[in-house]
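With the first letter of the sequence shown counted as 1, position 205 gets the number 205 in UniProt numbering; the numbers rise by one all the way through.
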Amino acid sequence: MPDADIVYSDVKFKRSKDAGREVTSSPDVSTTYSDVKFSSPSTQQHNQRPAAEPSPQNKQRRGAVTLERVLLLIATLLLAAALAALAAVSLENRGTKINLEKLQRDLTNLTETQKKMNELNKLNVNPPRCPEPTPSRTSGHTCGRDWEHHGGKCYHFTKTNLTWNDSRERCTLLGGHLVMIESQEEQRYLVNKVKELMTTDEDKFWIGLTDAETENTWKWVDGSSLSPHLEFWLHNEPDNWTGQNVEGEDCVRLGEKGATTRNLRYWTDKSCTVPHKSICEKSLEKCTCF
1 MPDADIVYSD VKFKRSKDAG REVTSSPDVS TTYSDVKFSS PSTQQHNQRP AAEPSPQNKQ
61 RRGAVTLERV LLLIATLLLA AALAALAAVS LENRGTKINL EKLQRDLTNL TETQKKMNEL
121 NKLNVNPPRC PEPTPSRTSG HTCGRDWEHH GGKCYHFTKT NLTWNDSRER CTLLGGHLVM
181 IESQEEQRYL VNKVKELMTT DEDKFWIGLT DAETENTWKW VDGSSLSPHL EFWLHNEPDN
241 WTGQNVEGED CVRLGEKGAT TRNLRYWTDK SCTVPHKSIC EKSLEKCTCF
């Protein structure tokens with residue numbers, strides 16, 4: 001330990017005499033010197049014992065805690081990154097699903113369109129062609145292949161037996177509708193034409209008249225009501241017979257194999273589910289010829 005500053009002090013001790021006497025110091029009293037040492041503040045601080053160093057076990061424990069925190073932070077960051085990636089993949093999959101559903105709808109529509117086109121091709125339906133040009137004619141009207149022109153209208157007599165609803169749809173695909181009879185002259189033409197095409201008495205043709213919406217309220221396919229002046233019912237018709245179908249007879253067919261021009265009343269009601277041929281009608285198509 002370094003030497004501290006030494007201060008010498010003269011300490012004198014007096015002998016005690018009898019009571020009541022004054023005690024005085026004698027010159028020959030022996031003097032005793034004592035070393036009194038005082039440490040300076042800097043020396044005291046220097047001489048203080050240093051704080052105890054942490055033990056190796058405490059150091060190891062602190063190191064383990066720090067490592068655990070680092071690992072926990074890394075795991076948290078990895079989890080956050082995984083959740084973000086999962087959200088991105090989920091959004092991408094959702095978008096892919098929506099696109100797939102749209103493609104499926106488009107494919108379904110395309111398939112239906114192709115199906116209808118194939119049906120038209122089977123019927124050998126071709127676009128309307130203009131009549132052969134002549135020096136005095138540059139424009140004309142045509143009905144198209146498999147259609148017959150009469151009285152400003154075009155008629156198509158089908159060869160396939162279908163229900164009334166299917167016949168109506170077939171006429172629509174062909175660009176027309178089930179025939180709507182608007183005059184006695186038109187009825188006469190159709191009766192004579194159908195008579196030539198019929199092979200049996202039941203080989204009749206559907207026309208565009210029905211009371212399926214309201215019983216005994218007959219309407220054409222365009223929604224117009226049947227005129228009382230243009231009814232051509234066979235005797236005792238319509239009878240709405242339920243012997244064949246409990247729902248009765250709500251659709252109209254035309255034709256009589258032995259029909260005569262003196263009698264035009266050849267309409268009969270029939271169950272709409274019975275297959276028959278049909279008569280389609282459309283307007284003349286105008287074309288410009290070159």
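Beta carbons: idealized from backbone N, C-alpha and C, even for Gly.
| Check | Outcome |
| --- | --- |
| What does the Cβ neighbour count give for residue 211, buried or exposed, with the cut at 16 atoms within 10 Å? | buried |
| Quick one: what does DSSP say residue 229 is sitting in, helix, strand or coil? | helix |
| Using C-beta distances below 6 Å, list every residue in its chain close to residue 90, excluding the 5 sequence neighbours before and after it, in chain order. | none |
| Cα-Cα, which of 221, 156, 173 is closest to residue 113? | 173 |
| Consult DSSP for residue 143 and reduce its assignment to one of helix, strand or coil. | coil |
| Looking at residue 209: is its Cβ nearer than 7 Å to the Cβ of residue 218? | yes |
| Within 10 angstroms of its Cβ, does residue 291 collect 16 or more other Cβ (buried), or is it exposed? | The first residue shown for the chain is 1 and the last is 290, placing residue 291 beyond what the model contains. |
| Residue 136 to residue 142, Cα distance in whole Å? | Here residue 136 scores only 36 on pLDDT, less than 50, and its place in the model is too uncertain to base an answer on. |
| When you compare only the Cα positions, how much space is there between residue 74 and residue 96? | 33 Å |
| Pick helix, strand or coil for residue 352, following the three-state DSSP scheme. | As displayed, the chain neither begins before 1 nor continues past 290, which places residue 352 out of reach and without an answer. |
| By the three-class DSSP mapping on this structure, what secondary structure does residue 270 have? | strand |
| Taking just the CA atoms, how far does residue 99 sit from residue 166? | 34 Å |
| Across the region 249-258 and the region 196-203, are there enough close Cβ pairs to call them in contact, namely three or more that are closer than 8 Å? | yes |
| If we count the other Cβ atoms within 10 Å of its Cβ and call it buried at 16 or more, is residue 145 buried or exposed? | exposed |
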